[in-house]
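In the working numbering, the protein residues as written are 6 to 249.
Ideal Cβ placement from N, Cα and C applies to all residues, glycine included.
This one's a predicted model, so the numbers in the text were calculated from it and none came from an experiment.
Reviewing the structure listed below.
Structure below.
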């Protein structure tokens, strides 16, 4: 549908990976499962000379995407909601920052050129309409060092990078999802505040007390019984006055 991505090829067995890499002219690539990938799971970097059979087995998938390595500068994501009547609403794109392949921080509005953010929203709209979306869809984009946008991954559900909508928007991503799948019209995506969302990962949950006294901090604790390294235990949304 005319939306740029990284160069890629399909693989159904390890030997296909080597053929794909030759086709791409690459010595390194990213192997991705076609579904159920998140927080660095469902993907692996492969460089010629590594044990490809073991990497393949660890991915536990019958079909793999062999993707060219992208030297990107930023990752942004855009959430789009669409109802059964064709009504569509877009949230402002956010700038994402990661630690150990897990989302750590999302900032909205993304401090990037307006023309770039407008293009991301137009791509999100085009994808939602092309697949006849009913529900909410998060689309992650790479922003390259040259200022280009490449579609990377899609998640057809409420997304971690959209948790800020609970506190900063008239209608959250979760309400949008319920509305759209229940045959109700999409709601307004109006943002009444700027926001920074901080994930509480593992022992970060112990930082909660210092935020409870901040008037602009909205603390969300997920109630998980066990703290584990890399586990999302909650998030904090810091609000400030809206900028244009």
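Exercise. In chain order, which alpha helix (DSSP H) runs of at least 4 residues are fully inside the stretch 9-75?
Worked result: 19-29, 57-64
Exercise. Between which two residues does the alpha helix (DSSP H) containing residue 120 stretch?
Worked result: 119-135
Exercise. What is the DSSP secondary structure of residue 211, reduced to helix, strand or coil?
Worked result: helix
Exercise. Using DSSP with H/G/I as helix, E/B as strand and the rest coil, what is residue 236?
Worked result: coil
Problem set entry | For residue 240 and residue 233, the rounded distance between their alpha carbons | 15 Å
Problem set entry | Nearest to residue 51 (by Cα), restricted to the options 127, 37, 170 | 37
For this session: Would you kindly report the start and end of the unbroken alpha helix (DSSP H) that includes residue 182?
Result: 178-186
For this session: With DSSP collapsed to three states, give me the class of residue 141.
Result: strand
For this session: Please confirm whether residue 22 and residue 31 have their CB atoms less than 7 Å apart.
Result: no
For this session: Mind checking which residues open and close the alpha helix (DSSP H) that includes residue 173?
Result: 170-173
Exercise. What residue does the beta strand (DSSP E) around residue 154 start on, and which one ends it?
Worked result: 154-160
Exercise. Taking three-plus beta-carbon pairs below 8 Å as touching, is the stretch 79-98 in contact with the stretch 47-64?
Worked result: no
Exercise. Quick check: the stretch 125-141 against the stretch 202-213, are there 3 or more CB pairs under 8 Å?
Worked result: no
Problem set entry | For residue 149: DSSP bridge partner residues | 77
For this session: Indicate whether the contact test is met: 3 or more Cβ pairs, each with one atom in the stretch 152-164 and one in the stretch 58-70, closer than 8 Å.
Result: no
Exercise. Would DSSP call residue 189 helix, strand or coil?
Worked result: coil
For this session: Report yes or no: do three or more beta-carbon pairs, one from the stretch 215-224 and one from the stretch 177-191, lie closer than 8 Å?
Result: no
Problem set entry | Contact belief for residue 150 with residue 76 at Cβ below 8 Å, rounded distance in angstroms | 6 Å
Problem set entry | Three-way DSSP call (helix, strand, coil) for residue 204 in this model | strand
Problem set entry | Cα-Cα separation between residue 8 and residue 134, rounded to whole angstroms | 13 Å
Exercise. What number of angstroms, rounded off, separates the C-alpha of residue 214 from the C-alpha of residue 148?
Worked result: 35 Å
For this session: Tell me whether residue 221 sits in a helix, a strand or coil according to DSSP, three-state version.
Result: coil
Problem set entry | Buried/exposed call for residue 231, threshold 16 Cβ in 10 Å | exposed
Exercise. Roughly how many whole angstroms lie between the Cα atoms of residue 73 and residue 131?
Worked result: 24 Å
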